[in-house]
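This note's numbering numbers the first residue of the sequence shown as 14 and each following residue consecutively.
We put the CB at the ideal spot given by N, CA and C, even for glycine.
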Amino acid sequence: MTKLWGGRFEGGLDPFFERFNRSLPFDRRLIEEDITGSIAWARALGSAGVLEQGEVDQLAAALDLLREELSNDPARVARAPDEDVHSFVERELLQSLGVLARKLHTGRSRNDQVATDLKLWLKKHADELDLRLTALQAALVDVAERWADLPLPGYTHLQRAQPITAGHHALAYVEMLDRDRGRLHDARTRMDTCPLGSGALAGTAFPIDREALAEGLGFRGGPTRNSLDAVGDRDHVAELVFACALTMVHLSRLAEDWIFLGTFEARLVRFSDAVATGSSLMPQKKNPDALELIRGKCGRVAGHLSGFLMTLKGLPLAYDKDFQEDKEALFDALDTTIACVRVATTVVATIEYDGERCRAAASEGYLNATDVADLLVRAGVPFRDAHERVGAAVREALAAGVELHQLEEATLKRLFPELSGALREELGVDRVLARRDVLGGTAPRRVRAAAAIARARIERKEHQ
Ligand code: ARG
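What follows is the structure, encoded as structure tokens:
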């Protein structure tokens, strides 16, 4: 195989090292971007007077043709023996154009080339992840609207705490994903500068109009400002992998929450057959594999983040071959996250709440104890005293094996003489929910309003 750097070498590569060194098996995913960047570079060389217009046109046409041929036969890159995607494109050009192909790399290095390819790829895929996240948010808002007033036990420390609505619970995840999308956009904006023209490290020696080059390639932030940094920067990879890792942490929390709600012990939600599997041995089983896999894959994406940060740590300026390690981490982090978001969307879109069991569960376990204390406060009792008296009442109810609102009329009168006879109704789960009528609270009225706001934000493509 001819190399892009053969002239200085006499001996051939050790065959095992040759395979070890190759990146084509994975960087072939940059083929689109490499062709786009190469066409832009040919034009920039033309504008700089390095290539003649006819040469530029021939190069651009050959690159376009290659792009088209590859779209009909994508496996052609996979079959190729080249060192990397850049060598592949140059060899293909040589075959179709002859010697003119040997002029394309003038003033360019694979270092500024790969940095540019990667940023183009990242921007595209950050946009795809954003779109997928938006679809998941929309599915969660559907759940929130459908079950805006369904009572659900809310937990802290995984102990029943206060009633919430199923809608409120679903909307909590919409917020997490909103921040995830915001992080993607931040990272995308920060990486939106064009490294091409930085050469190997010191800047190209030809009079390239880097402003025009950046603009032509769609980099909103213009050209990078320092050539050493431009070829030696992979912050954008780390940021994107971090954005993926935190998104995965959120998905794994969602998974864990809903796996719990779907246990036989809770039986508050049922998963669709479309996202569950059975056991080869136990005929009765239906397992939440989709959510478990999402929870599990979080570890792998978080691993890519710490792995890649360690790859970057201590690297001297400017380009180092260590950077080649960025791709598999990045590709897998994005692929995995996008796949998990898609599966989560199907789980959410097909979830069913067991209305009766949810309501019963939210009415059991002294979830209205805070409300008794609050009612005492409204009757003039200092909160700390009210807290203590209700705590004692819970102890008494526990001993009797009943809920607070199931205590004997006489007992309630004795414990809470300042509260009216309507205490029992005041403690019903719907009353308890309706009382949380504050911005961001779980009162069904607020949940419906929050769902409407979330939907409008999604439609306007807003994020935090
Ligand atoms: N395959 C290389 C990478 O992914 C391309 C850049 C190679 N540059 C070099 N100076 N060897 O980073």
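Check: Boundaries (first-last residue) of the beta strand (DSSP E) holding Q172; Outcome: Q172 to T178
Check: Range of the contiguous beta strand (DSSP E) that encloses L153; Outcome: Note, L153: premise wrong, no beta strand (DSSP E); alpha helix (DSSP H) at R123 to R159.
Check: Cut-off 7 Å between Cβ atoms - residues of its own chain near H181, not counting five sequence neighbours on either side; Outcome: T455 and V460
Check: Cβ-based neighbour list, Q337, same chain, cut-off 7 Å, excluding 5 preceding and 5 following; Outcome: S36
Check: Near the ligand ARG: D47 beta-carbon under 7 Å from a heavy atom; Outcome: no
Check: For R437 and E422, the rounded distance between their alpha carbons; Outcome: 9 Å
Check: Supposed close pair M261, C353 - CB separation, criterion 8 Å; Outcome: 6 Å
Check: N239: CB within 7 Å of a non-hydrogen atom of the ligand ARG; Outcome: no
Check: Heavy atom of the ligand ARG within 7 Å of D125 beta-carbon; Outcome: no
Check: Proximity below 8 Å, CB of R194 to CB of L146; Outcome: yes
Check: Separation of L389 from L343, as counted between CA atoms; Outcome: 57 Å
Check: Status (buried if at least 16 other CB within 10 Å, exposed otherwise) for E96; Outcome: buried
Check: Heavy atom of the ligand ARG within 7 Å of K334 beta-carbon; Outcome: yes
Check: Sequence-distant residues of the same chain with beta carbon closer than 6 Å to L264, five excluded per side; Outcome: I307, C353 and A357
Check: Cβ shell of H170 (< 6 Å), same chain only, five flanking positions each side left out; Outcome: none
Check: Three-state secondary structure assigned by DSSP to G167; Outcome: strand
Check: Cα-Cα separation, R123 to V102; Outcome: 12 Å
Check: Stretch pair the region 400–414 + the region 460–471: three plus CB contacts closer than 8 Å; Outcome: no
Check: Three or more C-beta pairs below 8 Å linking the region 363–383 and the region 407–417; Outcome: yes
Check: C-alpha distance - E188 paired with A251, whole-angstrom precision; Outcome: 23 Å
Check: Beta carbon of V98 nearer than 8 Å to that of R32; Outcome: no
Check: Closest residue to I351 among F30, E141, L135 and T49 (Cα-Cα distance); Outcome: E141
Check: Whether E45 touches L79 by CB criterion (8 Å); Outcome: no
Check: The ligand ARG heavy atom lying under 7 Å from the CB of K136; Outcome: no
Check: Beta-bridge partners of N85, as assigned by DSSP; Outcome: DSSP output for N85 lists no bridge partner at all.
Check: Alpha-carbon spacing of A258 relative to R266, whole angstroms; Outcome: 12 Å
Check: Contact set for H400: own chain, Cβ-Cβ below 6 Å, skip 5 residues either direction; Outcome: A386
Check: Proximity of L446 and T178 at Cβ, strictly below 8 Å; Outcome: yes
Check: Residues near F273 in its chain [Cβ-Cβ closer than 7 Å; skip 5 each side]; Outcome: A279
Check: Contiguous alpha helix (DSSP H) assignments of at least 4 residues, all confined to the region 419–462; Outcome: 422–428, 436–439 and 442–448
Check: Sub-8 Å separation of L153 and V361 beta-carbons; Outcome: yes
Check: Three or more C-beta pairs below 8 Å linking the region 237–249 and the region 203–215; Outcome: yes
Check: First and last residue of the uninterrupted alpha helix (DSSP H) at K340; Outcome: D339 to A362
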